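Here the structure is laid out as structure tokens; the discussion comes afterwards.
Protein chains: 2
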Amino acid sequence: MNSRLQFLLESLRKLLRRNAISRVKKVLKKSRNEDVASVMRYLDESQRHQVFDLLASDQDRSETLAELDENLFIEIISARPIEHMSQIIALMSVDDQTNLLSHLPEDLKLEILSLLKPEDMAELQEMLDYDRETAAGIMSTEFFSLNEDSTCAEAIIALQDAADVEMAFYIYVVDLQEKLTGVVSLRALLMNPPQTPLNQIKTQDTIFVTQDQDQEEVAKLAARYNLLALPVVDEKNKLLGIVTIDDVIDVIREEATEDILKMAGANETAYEDSSAWSNFRTRAPWLFATWMGGLAASILIGLYEHQLQKQVALAAFIPIVLGMGGNVGSQTATIIVRGLATGHVEYGLGAKYLVRELTIGGMLGIFYGVLLAIYSALRYQNDQALALALTVGLSIWASMFTAAIVGASTPLFFHRLKIDPAIATGPLVTTAVDVLGILVYFLFAQWFMGI
Amino acid sequence: MNSRLQFLLESLRKLLRRNAISRVKKVLKKSRNEDVASVMRYLDESQRHQVFDLLASDQDRSETLAELDENLFIEIISARPIEHMSQIIALMSVDDQTNLLSHLPEDLKLEILSLLKPEDMAELQEMLDYDRETAAGIMSTEFFSLNEDSTCAEAIIALQDAADVEMAFYIYVVDLQEKLTGVVSLRALLMNPPQTPLNQIKTQDTIFVTQDQDQEEVAKLAARYNLLALPVVDEKNKLLGIVTIDDVIDVIREEATEDILKMAGANETAYEDSSAWSNFRTRAPWLFATWMGGLAASILIGLYEHQLQKQVALAAFIPIVLGMGGNVGSQTATIIVRGLATGHVEYGLGAKYLVRELTIGGMLGIFYGVLLAIYSALRYQNDQALALALTVGLSIWASMFTAAIVGASTPLFFHRLKIDPAIATGPLVTTAVDVLGILVYFLFAQWFMGI
Chain S
1 MNSRLQFLLE
11 SLRKLLRRNA
21 ISRVKKVLKK
31 SRNEDVASVM
41 RYLDESQRHQ
51 VFDLLASDQD
61 RSETLAELDE
71 NLFIEIISAR
81 PIEHMSQIIA
91 LMSVDDQTNL
101 LSHLPEDLKL
111 EILSLLKPED
121 MAELQEMLDY
131 DRETAAGIMS
141 TEFFSLNEDS
151 TCAEAIIALQ
161 DAADVEMAFY
171 IYVVDLQEKL
181 TGVVSLRALL
191 MNPPQTPLNQ
201 IKTQDTIFVT
211 QDQDQEEVAK
221 LAARYNLLAL
231 PVVDEKNKLL
241 GIVTIDDVID
251 VIREEATEDI
261 LKMAGANETA
271 YEDSSAWSNF
281 RTRAPWLFAT
291 WMGGLAASIL
301 IGLYEHQLQK
311 QVALAAFIPI
321 VLGMGGNVGS
331 QTATIIVRGL
341 ATGHVEYGLG
351 AKYLVRELTI
361 GGMLGIFYGV
371 LLAIYSALRY
381 QNDQALALAL
391 TVGLSIWASM
401 FTAAIVGAST
411 PLFFHRLKID
421 PAIATGPLVT
431 TAVDVLGILV
441 YFLFAQWFMG
451 I
Chain X
452 MNSRLQFLLE
462 SLRKLLRRNA
472 ISRVKKVLKK
482 SRNEDVASVM
492 RYLDESQRHQ
502 VFDLLASDQD
512 RSETLAELDE
522 NLFIEIISAR
532 PIEHMSQIIA
542 LMSVDDQTNL
552 LSHLPEDLKL
562 EILSLLKPED
572 MAELQEMLDY
582 DRETAAGIMS
592 TEFFSLNEDS
602 TCAEAIIALQ
612 DAADVEMAFY
622 IYVVDLQEKL
632 TGVVSLRALL
642 MNPPQTPLNQ
652 IKTQDTIFVT
662 QDQDQEEVAK
672 LAARYNLLAL
682 PVVDEKNKLL
692 GIVTIDDVID
702 VIREEATEDI
712 LKMAGANETA
722 YEDSSAWSNF
732 RTRAPWLFAT
742 WMGGLAASIL
752 IGLYEHQLQK
762 QVALAAFIPI
772 VLGMGGNVGS
782 QTATIIVRGL
792 ATGHVEYGLG
802 AKYLVRELTI
812 GGMLGIFYGV
822 LLAIYSALRY
832 QNDQALALAL
842 TVGLSIWASM
852 FTAAIVGAST
862 PLFFHRLKID
872 PAIATGPLVT
882 TAVDVLGILV
892 YFLFAQWFMG
902 I
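Protein chains in written order, with my numbering: chain S, 1 to 451; chain X, 452 to 902.
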């Protein structure tokens, strides 16, 4: 948190504790609503409600509400008269309304919808029907479009009248059927003589997305071509809305968080929902793969009980053989999963990365295998010392090498099947690595130690 | 990769194989340089050089070069006459030049600098001195600033003359000492009468960053306030440059990738550098913590060799006890690390998250502990069956509970010390969890089984 927010938070806490209402009002009036929304997260529930009440106007309440975390805006909305809340929500932009309503419980959502103006309600209903993870789901319908025959001068006048288009970076040029035919930048408007028709200065090769394209692809396109907004069209090329750069940034952050949490076997509800019980329910199944893997390992070890009894030192090295394999496996899988997400690993380069990861896994295995063999030879100096050293050294190597194979090929395989590779990383890879590691270990033990 | 890029790549491959030079030229001419740069990654080295040669102009070469991955632009630059390359580099914007040169080997960098115009060289030298991870390191010096007394009409004329300012979203208003005093949006220019002085319509409360602020903070500010560009000032408030939204997006993606890879004990060189040897060198040290942890576990097990000999079934459950603990530990640590990075976990909420994670860890531990105790009781039906079931059940619980403590508190602790918590997650947490897990396991075994 930066010092600006910290100062705001501390002032609010202090003034609320002293019940200095008029000073709280003054502080809120001077602050940006984005900042107020940020610090509300750190206040307790009753303070949050007080702050929301003390905001200067319903416009400020609406802007603050739009920036709040999901669990907080649900808390605020549920605790207040629904008529007042629907007035506040009516002041938001359509994309903020859609986002907010889509996260509310069904009955609350319907109640608020019924209190809005009929035309707003119809538009919102349509927006709510789009999948939230697609271009249409994150688009804004407040864009600025003009007919191809309009001139620069007309565009400037039209722009001056359109006060409610929050971020007009581009003017979208459409034909009589409202089909998108090009884009004119605000700057091109200024640079050309007033009588120039938009048709002459519009871009020829417009980047656009269709309504059902995944939000991740939309974000990639905006980032690749450095665009401030991307037009969204339907299957007939009719312009439906635009995805603006601020939403693109949200998507990029969201997708990164989602991937990180998925790889660790958790998911985004980790933040949105603070109840331990619902977190237990989402995390427990992820651990089941680990549990099954552990059970398989224990059954395998059970099969070698007789050998272990004769050479109990073998048990001491089980954790290190599995641990090193597990770590290399998740390193490798993470590199491949993230590479697939960022576009570094793709399209025919899979084999190249696989070979590279196997080489690295093999090298790391040799290094740590030799290290452990030396330790083992120094630690256990009996007649089986050499055999034990060979067993543990080669097992570390084999475990790390197979881990690299599993870690690199699993996400590539899932990607080819069009299944999200982030899911493959955590539990699946470590489980496979555990079972293979144990197997390899006891095979080497049988071989070298003759037990 | 989207179908547009896939089509481009396949066309280029096919035409290059057939040596259809004029058709390759035609395809390249029709394509966006960002797309050409993207697909060059998937061509082989000689094809890459051919494509680069066949681009229509040095302007296109310069734009393509600016979009290439680090290892690829080094490959292109090193293999070509330095005089031509410096002409191409001279066509880039200053921030692209800085980014490119800062990644080149020292001698190549100096050689190219010496071939540039003296004034360009001086400016670049200054840019190269800034830390690459700060606001100044990612800023562009091509911004648009005007004196406070200028009018809207003057601003529009000045804007029409400034062809080289690639993305002018805002006009920065400065006083006679070039100190930043406010910002005027392009839109405000259009909305106000031509004679209005900028002073009257500029923002009062300007968001800016200082030159040495971390790029991650810059990105957070731009995202929080939905800004298209952020002005960068020195300690005297003099305007030095701007960070544009496209660079902000790059920072957000880079930082997410960096965090993900760090947590898995790898780092960003995983993509930039494709040599197995240098990857070995960066990844081997990360594994050392795991190796030490494994060694500590093996020494601990060695201390209980006598007990193991008597009750060899104990060895069979070591992997599952450690595995479950390790997984919960990294789930928890990942949730906290990502929460700290996105601002969900911060400022006084640490304790709240700690308690929640312990609760979840405890619940998961009870669930899987009971499950394993039942399995153990069914599998090993001897006179020690109950004692063994109690030992493994309680060990799973204790291992998962301590893992949650370690996983949640380690990143919070590092964050407080201002050390990047992403580093804490991987090796450190799993190692601590391994050692604690073994200890707890044998303590329970001694207690319940009397061995």
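Heads up, the beta-carbon is just placed ideally off N, CA and C, and yes, glycines get one too.
Being a predicted model, the structure only gives us computed values, none of them experimental.
Where THR206(S) is concerned, there is no enclosing beta strand (DSSP E), because DSSP gives it neither an H nor an E. Counted as a single uninterrupted DSSP element, the stretch harbouring THR741(X) is not any beta strand (DSSP E) but the alpha helix (DSSP H) occupying residues 727-754. Within the segment 637-670 of chain X, the residues whose Cβ lies closer than 7 angstroms to some Cβ of chain S are LEU637, ARG638, LEU641, MET642, GLU668, listed in chain order. Residues of chain X whose Cβ lies closer than 8 angstroms to the Cβ of TRP397(S) do not exist, since the nearest Cβ in that chain is about 13 angstroms away. For ALA680(X), no alpha helix (DSSP H) run applies; the uninterrupted beta strand (DSSP E) run containing it begins and ends at 680-684, by DSSP. Cα atoms of LEU124(S) and ASP107(S): separation of roughly 16 angstroms, rounded to the nearest angstrom. DSSP, read as helix, strand or coil, puts SER150(S) in coil. With a 10 Å radius around the Cβ and a threshold of 16 neighbouring Cβ atoms, PRO736(X) comes out exposed.
Taking the beta carbon of GLN782(X) as reference, the chain S residues within 9 angstroms of it are LEU261, ALA264, GLY265, ALA266, ALA270, ARG283, TRP286, LEU287, GLY426, listed in sequence order. Flagged as an interface residue toward chain S: GLU756(X), by a C-beta distance shorter than 7 angstroms. With the rule of 3 Cβ pairs closer than 8 angstroms, the segment 781-790 of chain X counts as touching the segment 847-867 of chain X. Only GLU67, ASP69 from the segment 66-77 of chain S bring a Cβ to less than 9 angstroms from some Cβ of chain X. The Cβ atoms of ALA488(X) and LEU519(X) sit closer than 7 angstroms to each other. By the C-beta density criterion, GLU83(S) is exposed, having fewer than 16 other C-beta atoms within 10 angstroms.
Residue pairing for LYS630(X): DSSP places it in a beta bridge opposite LYS689(X).
Three or more pairs of CB atoms, one per stretch, sit closer than 8 angstroms, so the segment 641-648 of chain X contacts the segment 148-165 of chain S.
Residues ALA836, ALA840 of the same chain have their beta carbon placed closer than 6 angstroms to that of ALA828(X), with the five preceding and five following residues left out of the count. With a 10 Å radius around the Cβ and a threshold of 16 neighbouring Cβ atoms, SER78(S) comes out exposed. Proximity of chain X to ASP246(S) at the Cβ level (cut-off 7 angstroms) is accounted for by ASN677, in chain order. Between the alpha carbons of ALA541(X) and LEU54(S) lies a distance of about 56 angstroms.
Against SER749(X), the close residues of chain S are ALA316, PHE317, PRO319, ILE320, in the order they occur along the chain (beta-carbon pairs closer than 8 angstroms). Annotation: ARG356(S) to THR810(X) spans about 42 angstroms, alpha carbon to alpha carbon. Each residue's CA atom was taken as its position, placing SER553(X) and ASP580(X) some 10 angstroms apart. Short of 6 angstroms from the beta carbon of PHE893(X), and not among the five residues preceding or following it, lie these beta carbons of its own chain, in chain order: TYR755. Secondary structure note for VAL174(S): its beta strand (DSSP E) is the uninterrupted segment 170-174. When beta bridges are read from the DSSP output, THR585(X) appears opposite ASP665(X).
The beta carbon of LEU610(X) falls within 7 angstroms of a beta carbon belonging to chain S, placing the residue at that interface. Listed along chain X, the residues sitting closer than 8 angstroms to ARG253(S) by beta-carbon distance are ALA674, ILE703, ALA707, THR793.
Chain X places a beta carbon closer than 7 angstroms to that of ALA276(S), counting this residue as a contact. Annotated three-state conformation of PRO81(S) is coil, per DSSP. In the structure shown, the three-state DSSP call for SER544(X) is coil. Taking C-beta separations shorter than 7 angstroms and ignoring five residues to either side along the sequence, the partners of ILE207(S) in its chain run LEU221, TYR225, LEU227, LEU230, following chain order.
Here DSSP, grouped into helix, strand and coil, assigns VAL312(S) to coil.
If the five residues before and after LEU773(X) are omitted, its C-beta is found closer than 8 angstroms to the C-beta atoms of ALA748, SER850, VAL884, ASP885, GLY888, ILE889, all from its own chain and listed in chain order. Secondary structure of SER596(X) (DSSP, three-state): strand. Where MET578(X) is concerned, the enclosing alpha helix (DSSP H) starts and stops at 569-580.
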